[in-house]
Amino acid sequence: MELVDLKVEIRQKKGKNNARDLRRKNIVPGILYGPNTEPVMLSISNYDIDKIIRENGSTGVFLNLIDKDDTRESRTVMLKELQMDTFNLNYLHIDFQEIDIEEKVTIRVPVQTTGESKGIKEGGVVSIIRRELNVICTPQNLPDTITIDITNLDIGDSVHVKEIDLGENVEIPHDVNFTVLTVLAPTIEKEKEDELDEEEEILEEDVKEDTKEPEADSKK
1188 MELVDLKVEI RQKKGKNNAR DLRRKNIVPG ILYGPNTEPV MLSISNYDID KIIRENGSTG
1248 VFLNLIDKDD TRESRTVMLK ELQMDTFNLN YLHIDFQEID IEEKVTIRVP VQTTGESKGI
1308 KEGGVVSIIR RELNVICTPQ NLPDTITIDI TNLDIGDSVH VKEIDLGENV EIPHDVNFTV
1368 LTVLAPTIEK EKEDELDEEE EILEEDVKED TKEPEADSKK
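Here the working numbering is used: the first residue of the sequence shown is 1188, the next is one more, and so on.
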């Protein structure tokens, strides 16, 4: 397990006004907590946390949190929650949870697929129902992703939690019958295409009728 260094400052002031002032200065308010840790309010450089997330993602990130005022003091934490402004993509608040690297933690891990299923070759579509799954393990055993081989899946086949094996050191605490992904038939897409084709045919007929030249009046 690799720890990423992050320098932080302990802040004394709290409240919405203080948080807004920090964000205007390109500083992100945060908090550190844990089972044996009193909550500590923090200030984090927006540049520093953005660099870490760009290089490591925001899931399963373990950090060596260093106090800027006392670099001898550090804590091992994981990035627990990251709040963002979806409009301008600014960081609003960060939660850090102090951990013991020998103890198990619960954390979300992204789901991805590998291979090309038989169902896709027949026109089917893979639908990932759950793009992240919770796992319970020590930080050293945390997988980067949950990779599911879909090569042998036909249309109508599904993968459930009970079919995912991450080894004896990693537990998935979801219901064993929970569906993670499925291969859908192309029926819905085909119906939509047929409807569009019919609409286009009707439109073409209407255009032809509208563009016909009026017949000359019959001679009296």
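Just so you know, even glycine gets a beta-carbon here, dropped at the ideal spot from N, CA and C. Nothing here was measured: the structure is a model prediction, and the numbers come from that model.
Is residue i buried or exposed, if buried means 16 or more other CB atoms sit within 10 Å of its CB?
i                  : result
leucine 1219       : buried
lysine 1379        : Confidence in lysine 1379 is poor, its pLDDT being 49 and thus under 50, which makes the residue's placement unreliable; the coordinate value appears in the next sentence. Classification for lysine 1379: exposed.
serine 1304        : buried
tyrosine 1278      : buried
phenylalanine 1274 : exposed
Classify residue i as helix, strand or coil using the three-state DSSP reduction.
i              : result
glutamate 1350 : helix
threonine 1398 : Note that threonine 1398 scores 48 on pLDDT, short of 50, meaning its location in the model is unreliable and no value can be drawn from it.
glutamate 1196 : strand
aspartate 1208 : helix
Quick one, which of the options has its alpha-carbon nearest residue i's?
i              : options                            : result
threonine 1301 : Ile1231, Pro1373, Asp1256, Thr1334 : Thr1334
glutamate 1285 : His1347, Leu1252, Ser1245          : Leu1252
valine 1322    : Asp1192, Pro1360, Gly1343          : Pro1360
proline 1216   : Val1346, Lys1200, Ile1240          : Lys1200
glutamate 1196 : Asp1208, Ser1230, Glu1189          : Ser1230
arginine 1259  : Glu1358, Asn1213, Lys1194          : Lys1194
What are the boundary residues of the alpha helix (DSSP H) that includes residue i?
i               : result
isoleucine 1239 : 1233-1243
Starting from residue i, trace the beta strand (DSSP E) both ways and give me its first and last residue.
i               : result
isoleucine 1214 : 1214-1221
leucine 1190    : Element bounds for leucine 1190: n/a, residue is neither H nor E.
glutamate 1325  : Checking the sequence, you will find threonine at residue 1325 rather than glutamate. Where threonine 1325 is concerned, there is no enclosing beta strand (DSSP E), given that its DSSP letter is neither H nor E.
leucine 1340    : Neither: leucine 1340 is in no beta strand (DSSP E) and is coded neither H nor E.
Taking 8 Å as the CB-CB cut-off, is residue i touching chain B?
i               : result
isoleucine 1253 : Among the chains in the structure shown there is no chain B, since it carries only a single protein chain.
What are the uninterrupted segments assigned as beta strand (DSSP E) that are 3 or more residues long and contained completely in the stretch 1248-1319, given in chain order?
-> 1249-1254, 1257-1271, 1278-1285, 1292-1301, 1312-1315
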